[in-house]
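Protein chains in written order, with the numbering used here: chain A, 598 to 1267; chain B, 13 to 494; chain C, 140 to 359; chain D, 35 to 354.
Glycine included, each C-beta is placed from N, C-alpha and C at the ideal position.
Computed from a predicted structure; not experimentally measured.
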């Protein structure tokens, strides 16, 4: 039984399940059934992917006689696909598990259930496709299903807008990819990936292909400035779907870019990496800055996805650079860093979205300004959410740190690059990366602190209660994985070796052999990290300290009202809110990033007016790139529309003019 | 001149004509509707039989691989449309928009139209083809005006005037072709027989051919609805009965397109004449982008989809203009898919208009809530026509864009631009109609949903799997279109 | 073909073009109709001449139709309509007569140029005939475009059609000419009936083409 | 085996040494500052007494505080201690030095800050929030600056492994480099900011609106406060020893040095600490505290310097 057939079978089963779901949605327990089935299927697919990845099997191919005639539907499972299948289905399985419990709170079940398995199938098929047609069909199918899920709560204000922007950008991206494939396929129409690998593309055309791939995949992954749909669409969907879209679907986009840039397209040129690096760096910083300015928890998470995509693309860009200058082992390091971060991000971003969903169901609120103090009402959720926050803030000993650390190591090797542009660019990108990491920490101090800590700001937050056990199970599983991937990164790095080997023709030194299970990307003398020991140190020293103090000194505790410098104020309104927390950072970065303006209207003493603070921020990307297009289209269409209200005589004159014009052409014809 | 052998060709002509004559005197509208359906089914069966044993071609009639595709497609859509209309008109009577007298006329005209279109498709004589297309135009004019409302009359009048001028131009083109042929083929009928023309076109006077093609392109292009000759199309679609809108978009445009294709072949075969491709490609792109922009301003649901028909006609003409095996294949496929999808959409729109009692987009909201089946089939139809997989239209657009981009990058970019523009407009309107709080008006529609299901099913199937015989057939035709 | 027959047909065709110009120039409805009748007469003459020259009997039918229908029936009908509608006022042109004339000249020049590109082995008569026919067609269309009044639009359409008939008749041995001329007569008849119908149905208070666009699709 | 044992012993010694010396350094700085201000100042060992007293007091915890509030001090202390323990103070060949490189050490300090900020938000008072948000703002610039400095160091020494870096710095191969100078200045600025010293923050103030670090820990008392204080002392020590081990590695005992060398190294290290403490005191007394929103520029300067250093290094590398 070969893995590919198994995977395809699983996907077919998922599609069948989505048909079943149309009926099941009416049943009382229908939701639980569908999600349980999806969980089972995804676990199966996960097993298949892992088996191929860890078993180091040779690539498997399979062609079905459907799809585009005279080419058929080709599927292929190699290390890269297998890795992403594992990532996708791990996230999918967790989301399904989570949804078994979470789904109960869904009101429009018939609008969610049928599309959920279809969405999963779409993502899986995209990863397995081995010709342009199949790939695009699966890709668009994925977009379509997720669009339907975004539109599930179509009565909510803004949902329609979100869905519209989303599907439009998705289609735009698909067209870009289509053009890229068209260039790769050439006029003869060799649409299979095998043929594309074999064929050679002219240098200029190759550059164009890369740009198109960057646009196509970037618009799905959320690269600035193509990210606008993401913070609208991800929060609009039900939380388990948001987790999938943010944590997993963006990875499918990353896969698309890797597939085209590293596999289908021949040897890279150095300036490609410049594009990827610059975009990645900007995306990372802008994404986290956007995130810091949000007060809607799910929007914050969605924007933060943009940042992580930036980090991933930095890794990929470095890999391109090193590959261009033929340094396979270093390229392998960079690529591994990028892919590992993709995996890590899928873990903690899903986890965080699960937590956000739990909070939303418990309180009915997504606005952090109306939450607070939840750590007392939902301690377990708070705990796992905290782990997610630590991991995503790239703090040891969790997994987020490992991949960013690897990326830094790759950047530190950039002086070996002969190209000048890259010499200058890379440290700059490194600085941007460091900046985004620091800001991310601030962002998640805010996210966790405002939502779970402090005193409840609304009755809703006060009445919150712990979420159901399925959701908790999913969250705990991912929290555990975050820790494992943080303390034993060697396993995951080695698992990625074959994929890197296929793509850049090199690999990192095997990590398993190294003593004390630490990792050393190049050589131990140069740099090494051991999450396990760090964890042990922290735990032991903390325990030591606690034991020592409790034994030798007092362990008495007295509860008392907060001191607050002697002016305690009972009203929870005096706490810092999401916006006030971000205010200093807004003052530092907002001025140029968002044209942030703060107007303070402080009435004179004795004046009874309330004091007013107005903060205006503009989304420059939207204002400068998208609004003009919208306006232009509207304008032009209005002008052209006048043509629809002419008299018959005027229409005749148009026909007449056309005739005369053509006759003139004939008369002037050489 | 030898009389044509009595065979399938004569049958598909005689049957509708006879039925039309009968229906003209049948008072009971239910009976006539039934007769209409049966006769259309029979016509379809006959047309399908062409695949098995191809009728011989004579001086007057010609059946080759190219027009079989058109004939069969036409017959099929005409059949489903007749099924739809049979269940549709009852409601029209109920609301008093039509009287039994009108219906008698309507059914007679329906068959007459069928006859005219079949004639145009199988005619081997360019003069005969011209007569047939004029007849088809006149019958549709009559049907567009059948509601007798000022709007309907105006639409019909517009259609009539523009159509007649188009007809006149086409005739002039036809005469020119004859003039070009006469020195070579001698006087008399031969100068108009397409097969004979084809045989010796290379010796024709190129300048005359060029001139002829200009007139033919404009004349028949008016019928195809290419911008800027499209003015009649939206109103004609919007004001006529919905089955007729479906027939117009799904069939009549194809017939005119067929005529254009025939003459394109003629010109391609003459080395000195200007290549018709660029002209067609240009007109195609212009229509596509123009229609895409117009879509944003539409307030009437039927006009919306009428403009989308213009857009797709543009795509098809563009594909044929670009030429080459891939593009031609894609063009044929796109034409087929468009006929099926667009007629399905118009069926759906008919239901919606009946259920909501309005055609104004602004007053149609939340269909997926108030009429789930209807709403979702609208969503499906619009996504199909907007070229999203796994629908057949995506296949053809995929082929068109990719094959063009490898050869004419700029054109392909224009094409992609137009497509995404149109996509944006369609989805914008779709979301408004299909989602959100439902608008008042939840009457159930009487009409049957069978045709919709059939068409969308076919389109979906085509997107996933094209049967090899069909592919081979299309490839053969594509090669023939060069 | 002898020089004489050539000259005659040439003369007649030229006369047709001339009358088209007169139609363009003419801006009183009754006069317009009379001129059109004259043009129809000339057309029938030239068709008849072609019939005689080519020895094609069926062309006599066409000539007869042209004469009977166009030169007699339709003008009378239109006279009655105008009388009924009481619109025997001046025809309002969109552009002045002068520019229209110039445009007409340009169109004739254009059609001649286009035709001269035709290599000369196609016999001269056909070429000249076509040149004239093309100009008549273009002038007729021009007339449709520059006149606001529905009646003159119909007249323009008919003169356009005259050009077609001329071309068809000039095309030696072209089949279906009769059928075509009949078909066109039907077309024209329908047009006129249309104009007439609307009047009787009291739907439009004028037959000015503007009124036909009062609804104009979805303008709201 | 013996080697391992010795290394382990020295690792433990190191851990004890840092925790033992940290309060002394703070005391020294306070004393020196007082002296410079013509005050008598507290005795040198006052910090030890303070810590002991605090540890013995019962801890008062606000009603609205959660378990995080009580766990945070231990985590903060632990991660700071581990970070400090990983810096070669008097000998490079520490057993676990390779378990975390310079970047990891920075990240450890980051986690300490992370939890401290959370603790500040936990009670839900306005001061806690203020402290946390300002701390976050400082960190968001200080950390990148630190990373960039690490870049230039790593580029010079070809490693982010502190032992290797220190060894390289001690070797004659270094020479005098403008990059290192810039890195030093930048590092000093970051150190000042990170430890909340004047001019960035005043560790002695309790004037609410000017405090940052103190505002975060306003609600703490008893043993929790003691731990946090100790952690911040450790942090000061950490930065100082980082600076000295990178920029003044003289006397640093290399990996397989004899016991004697190592003891010598320890002695030298203590002297170096003293000198650094005195310099810090002098620096602090000579300038005034700056407005909170001028701090970003201050730190931005460090960032720019570090970055410039890195670039210059690239240039020189490629010229070489």
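Its Cα nearest to that of residue 1001 (chain A), the residue A:990 stands out among A:1011, A:943, A:990. Within the segment 232 to 261 of chain C, contact with chain A at the beta-carbon level (separation under 8 Å) is assigned to 233, 246, 249, 250, 252, 253, 256. In the three-state reduction of the DSSP assignment, residue 1184 (chain A) falls in the helix class.
DSSP places residue 298 (chain C) within a helical segment (H, G or I) once states are collapsed to three. In this structure, the straight-line span from the alpha carbon of residue 151 (chain C) to that of residue 312 (chain C) is close to 19 Å. Spanning the alpha carbons of residue 284 (chain D) and residue 204 (chain D) requires a straight line of approximately 6 Å. Residue 779 (chain A) places its beta carbon less than 8 Å from that of residue 414 (chain B).
Taking every protein chain shown into account, the CB of residue 247 (chain B) has 16 or more other CB atoms within 10 angstroms, so this residue is buried.
Residues of the segment 280 to 309 of chain D whose Cβ lies closer than 9 Å to any Cβ of chain A: none.
Relative to the Cα of residue 1174 (chain A), the nearest Cα in the group A:1061, A:830, A:967, A:1228 belongs to A:967. By the C-beta criterion, the segment 974 to 988 of chain A is judged to be in contact with the segment 1079 to 1095 of chain A, since at least 3 inter-stretch pairs fall below 8 Å. Looking at the backbone, the Cα of residue 608 (chain A) and that of residue 118 (chain B) are separated by about 50 Å. Residue pairing by DSSP puts residue 94 (chain D) in a beta bridge opposite A:1155.
For residue 940 (chain A), the enclosing alpha helix (DSSP H) covers residues 925 to 960. Taking C-alpha positions only, residue 377 (chain B) is separated from residue 837 (chain A) by approximately 28 Å. Per DSSP, the beta-bridge partners of residue 135 (chain B) are B:73. When C-beta distances to chain D are compared with 7 Å, the residues of the segment 996 to 1020 of chain A below that value are 998, 1002, 1005, 1009, 1012, 1020, in chain order. For residue 658 (chain A), the enclosing beta strand (DSSP E) starts and ends at 657 to 661. If you check the CB distance, residue 654 (chain A) and residue 735 (chain A) do not come in under 8 Å. Across the set B:167, B:93, B:170, B:307, the C-alpha of B:307 shows the shortest separation from the C-alpha of residue 430 (chain B). For the set A:803, A:1057, A:872, A:874, the Cα lying nearest the Cα of residue 862 (chain A) is the one of A:803.
It is roughly 11 Å from the alpha-carbon of residue 640 (chain A) to the alpha-carbon of residue 682 (chain A). In this structure, residue 1207 (chain A) lies away from residue 1052 (chain A), with their beta-carbon atoms at least 8 Å apart. Proximity of residue 283 (chain C) to chain A, defined by a Cβ-Cβ separation below 8 Å, is satisfied.
Secondary structure of residue 239 (chain B) (DSSP, three-state): coil. Rounded to the nearest angstrom, the Cβ distance from residue 685 (chain A) to residue 845 (chain A) is 5 Å, consistent with a contact under 8 Å.
The C-beta distance from residue 280 (chain D) to residue 199 (chain D) rounds to 6 Å, short enough to meet the 8 Å contact threshold. For residue 159 (chain D), the secondary structure class from DSSP, reduced to helix, strand or coil, is coil. Between residue 304 (chain C) and the set C:172, C:157, C:187, the nearest pair of CA atoms involves C:187.
Taking a C-beta distance under 8 Å as the contact criterion, residue 958 (chain A) and residue 750 (chain A) do not qualify as a contact pair. For residue 299 (chain B), the secondary structure class from DSSP, reduced to helix, strand or coil, is helix. In the DSSP annotation of this structure, the continuous segment of the beta strand (DSSP E) that includes residue 1211 (chain A) starts and ends at 1209 to 1213. Residue 1198 (chain A): member of the beta strand (DSSP E) spanning 1194 to 1198, first to last residue.
At a cut-off of 8 Å, the C-beta of residue 642 (chain A) has no neighbouring C-beta in chain B.
Taking 7 Å as the upper bound on Cβ-Cβ separation, chain C lies near residues 1241, 1242, 1244, 1245, 1246, 1249, 1250, 1253 of the segment 1240 to 1254 of chain A. A:1196 is the residue among A:1202, A:1196, A:1205 whose C-alpha sits nearest the C-alpha of residue 1211 (chain A).
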